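Colleague:
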Amino acid sequence: MIRRPRRLRNYQAMRELVAETSLRPTDLILPMFVAEGITRPREIPSMPGVYQHNFDSLKRVAYEALDAGIRCVDLFGVPRVKDAIGSGAWDEKGILNRGIAVLREEFGNDLMVMADTCLDEFTDHGHCGVLETDNFGTSVVANDATLKHYQQMAVAQAQAGAHIVSPSGMMDGQVLAIRNALDTAGFTEVAIMAYSAKYASAFFGPFRDAVGSSLTGDRRTYQQDPANFKESLLEVDLDIEEGADFVMVKPAMPYLDVLSAVAQRVTVPVAAYQVSGEYAMIEAAGRNGWIDRDAAMMESVLGIKRAGADQILTYFATDIARKL
Ligand code: PBG
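If you're matching positions, the sequence shown starts at 0 in numbering that gives the first Met the number 0 and goes up one per residue.
(1) Quick check for students: name the residue ranges of the alpha helix (DSSP H) that lie wholly in the stretch 125-206, counting only runs of 4 or more.
(2) Quick check on residue 102: does DSSP put it in helix, strand or coil?
(3) Taking DSSP as the reference, what is the three-state secondary structure of residue 218?
(4) Tell me whether residue 207, by its Cβ, gets closer than 7 Å to a heavy atom of ligand 1.
(5) Measure from the alpha carbon of residue 342 to the alpha carbon of each residue in 147, 251, 144, then state which is nearest.
(6) Does the stretch 300-313 come into contact with the stretch 26-34, if we say contact requires no fewer than three beta-carbon pairs (one atom in each stretch) closer than 8 Å?
(7) For a test of the three-state rule: what should DSSP assign to residue 7, helix, strand or coil?
(8) Pull up the CB-CB distance for residue 118 and residue 148, whole angstroms please, since I reckon it's below 8 Å.
(9) Roughly how many angstroms lie between the CA atoms of residue 63 and residue 317, to the nearest whole one?
(10) Note down, one range per segment and in chain order, each alpha helix (DSSP H) of at least 4 residues found wholly within the stretch 285-314.
(11) In angstroms, rounded to a whole number, what distance separates the CA positions of residue 205 and residue 136?
(12) Ignoring anything shorter than 4 residues, give me the alpha helix (DSSP H) runs that lie fully in the stretch 29-67, in order along the chain.
(13) From residue 96 to residue 218, what does the alpha carbon distance come to, in whole angstroms?
(14) Kindly give me the distance between the Cβ atoms of residue 14 and residue 8, rounded to whole angstroms, as I take these residues to be in contact under 8 Å.
(15) Return the residue from the list 127, 156, 281, 132 that minimises the CA-CA distance to residue 145.
(16) Let me check one thing: in DSSP terms, what residues is residue 245 bridge-paired to?
(17) Quick one, which of 155, 33, 173 has its alpha-carbon nearest residue 234's?
(18) Determine the extent of the alpha helix (DSSP H) in which residue 271 is found, giving its start and end residues.
(19) Closer than 7 Å by C-beta to residue 138: which residues in its own chain qualify, once you throw out the five before and the five after it? Chain order, please.
(20) Quick check on residue 77: does DSSP put it in helix, strand or coil?
(21) Under a Cβ-count criterion, where at least 16 other Cβ atoms within 10 Å of its own Cβ denotes burial, should residue 21 be classed as buried or exposed?
(22) Here's the rule I'm using: 16 or more other beta-carbon atoms within 10 Å means buried, otherwise exposed. How should residue 4 be labelled?
(23) Hey, out of 158, 141, 83, whose CA is closest to residue 100's CA?
(24) Taking C-beta to C-beta, are residue 279 and residue 46 nearer than 8 Å?
(25) Just to confirm the assignment, what range does the beta strand (DSSP E) spanning residue 114 have?
(26) Using only alpha-carbon positions, find the residue among 230, 93, 238 that is nearest to residue 79.
(27) Compare the beta carbon distance of residue 166 and residue 116 with 8 Å and say whether it is the shorter of the two.
(28) Which two residues bound the contiguous alpha helix (DSSP H) that contains residue 317?
(29) With contact counted as at least three CB pairs below 8 Å, one residue from each stretch, are the stretch 218-232 and the stretch 293-303 in contact?
This is the structure in structure tokens:
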């Protein structure tokens, strides 16, 4: 007698009966962009279907997500004016903080508002931290000077109404610094989703379009080398020690080994970010008729869930949630 695993694949109902993994709308987090001074939503050329929003369209798209069953959005700001230290990031009238306030006012606690806690959208040089010249005349991204600004930024986001802040700049000690600042300011209930294992990835390309990034060069002195695995476990351990409520692996698809290991290792929720380039590839190939866009979208996100993600940040979130 031969063993026949195909018996369990013959009918849709049988396949559903034995399915080990499934997606729920509540697994998904929708990243959104709010831009200063635009009268109409502006489509991002390298991310068709994704927009920079004004406050009205931001609310509308957040309603669509909520109606589809999503419970969290992640907000990025696109300011009109940038400076060397990114001061728009902690200005209460800064675009991101105003966007947070608009969402919190509209949705209360029905929709968790998460905010990106990083300077790169606000600095004129596009780096995630402030620059300093070292003793040998080289310009470097200064770790500890940057932490002070992350603290100001996180407190401003909490004041605006963020339920979750999400440090994505890969500075050492950023989670502890932010936790301390939030607690001191009385925001003990604001959670931290730490971008713990974040790689210096080519797949962030379209995002830099999305936020009008002015970066020249790269982020390899602070984001991780794609060659490394153990380093991610160290970063995750440190972030949990420092008080991270969630940890994240980013990007998702090229790092599913890391995601899987992290998911087995820790007892906090583990998020994964299907980034702009992952979205753009599926969308572009789909538009060319080279792949079945919807099927590839569902399969890619199911794969991320199967690898161990508890929450998945994806630009497909509302689309997927509507199909579930
Ligand atoms: C940094 C940040 C980036 C992304 C999220 N937060 C860009 C970067 O590190 O260069 C990328 C998200 C994406 O590509 O979808 N604030």
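C-beta atoms are modelled at their ideal positions from N, C-alpha and C, and glycine is treated no differently.
Here the structure is a predicted model, which is why all the values come from computation and not from measurement.
Modeller: Per the coordinate set shown:
(1) Entirely contained in the stretch 125-206, the alpha helix (DSSP H) runs reaching 4 residues are, in chain order, 142-159, 173-183.
(2) On the sequence shown, position 103 is the one that residue 102 refers to. It is helical.
(3) For this step, residue 218 is matched to residue 219 along the sequence shown. Assigned with DSSP and collapsed to three states, residue 218 falls in coil, not helix or strand.
(4) By 1-based counting over the sequence shown, the position of residue 207 is 208. Within the cutoff, so yes.
(5) The chain is shown from 0 up to 323; residue 342 falls before or after that span and cannot be answered.
(6) Three or more beta-carbon pairs drawn from the stretch 300-313 and the stretch 26-34 are found closer than 8 Å, and the two stretches are therefore classed as touching.
(7) For the purposes of this step, residue 7 is identified with residue 8 of the sequence shown, where counting begins at 1. Note: residue 7 maps to helix in three-state DSSP.
(8) In the sequence shown, counting from the first residue as 1, residue 118 sits at position 119. In the sequence shown, counting from the first residue as 1, residue 148 sits at position 149. Confirmed, Cβ separation roughly 6 Å.
(9) The sequence position of residue 63 within the sequence shown is 64, counting from 1. The sequence position of residue 317 within the sequence shown is 318, counting from 1. Put simply, the backbone Cα of residue 63 is about 7 Å away from that of residue 317.
(10) With a minimum length of 4 residues, the continuous alpha helix (DSSP H) runs that stay inside the stretch 285-314 are 292-306.
(11) As a working mapping, residue 205 is identified with position 206 in the sequence shown. As a working mapping, residue 136 is identified with position 137 in the sequence shown. Cα to Cα, residue 205 sits roughly 32 Å from residue 136.
(12) DSSP runs (the alpha helix (DSSP H)) wholly in the stretch 29-67: 54-66.
(13) As a first step, residue 96 must be located in the sequence shown, where it is residue number 97. As a first step, residue 218 must be located in the sequence shown, where it is residue number 219. So the alpha carbons of these two residues sit roughly 25 Å apart.
(14) Working through the sequence shown from its first residue, we reach residue 14 at position 15. Working through the sequence shown from its first residue, we reach residue 8 at position 9. Between the beta-carbon of residue 14 and that of residue 8 there is about 6 Å, and that keeps the pair under the 8 Å contact cut.
(15) By one-based count along the sequence shown, residue 145 stands at place 146. Scanning 127, 156, 281, 132 for the CA closest to the CA of residue 145 turns up 127.
(16) To locate residue 245, count along the sequence shown from 1; it is residue 246. The bridge partners DSSP lists for residue 245 are 192.
(17) As a working note, residue 234 is residue 235 in the sequence shown. Here the closest residue by C-alpha is 173.
(18) As a first step, residue 271 must be located in the sequence shown, where it is residue number 272. That residue, residue 271, is in no alpha helix (DSSP H); its beta strand (DSSP E) goes 269-273.
(19) Counting from one through the sequence shown, the residue named residue 138 turns up at place 139. Closer than 7 Å at the Cβ level, and outside the excluded window around residue 138, lie 130, 132.
(20) Here residue 77 corresponds to residue number 78 of the sequence shown, with the count starting at 1. Three-state result, residue 77: strand.
(21) Counting from one through the sequence shown, the residue named residue 21 turns up at place 22. Residue 21 is exposed by the Cβ-count criterion.
(22) Along the sequence shown, read from residue 1 onward, the residue named residue 4 stands at position 5. By the beta-carbon neighbour count (other beta carbons within 10 angstroms, threshold 16), residue 4 is exposed.
(23) In the sequence shown, residue 100 corresponds to position 101, counting from 1. By alpha-carbon distance to residue 100, the top candidate from 158, 141, 83 is 158.
(24) Along the sequence shown, read from residue 1 onward, the residue named residue 279 stands at position 280. Along the sequence shown, read from residue 1 onward, the residue named residue 46 stands at position 47. Yes, the pair counts as a contact, with Cβ atoms nearer than the cut-off.
(25) In the sequence shown, residue 114 corresponds to position 115, counting from 1. For residue 114, the enclosing beta strand (DSSP E) starts and ends at 111-116.
(26) One-based indexing of the sequence shown puts residue 79 at position 80. Looking at 230, 93, 238, the one whose alpha-carbon comes closest to that of residue 79 is 93.
(27) On the sequence shown, position 167 is the one that residue 166 refers to. On the sequence shown, position 117 is the one that residue 116 refers to. The answer is yes: Cβ separation under 8 Å.
(28) Mapped onto the sequence shown, residue 317 falls at position 318. It spans 316-322 - the alpha helix (DSSP H) in which residue 317 sits, taken as one unbroken run.
(29) Result no; under three Cβ-Cβ pairs closer than 8 Å.
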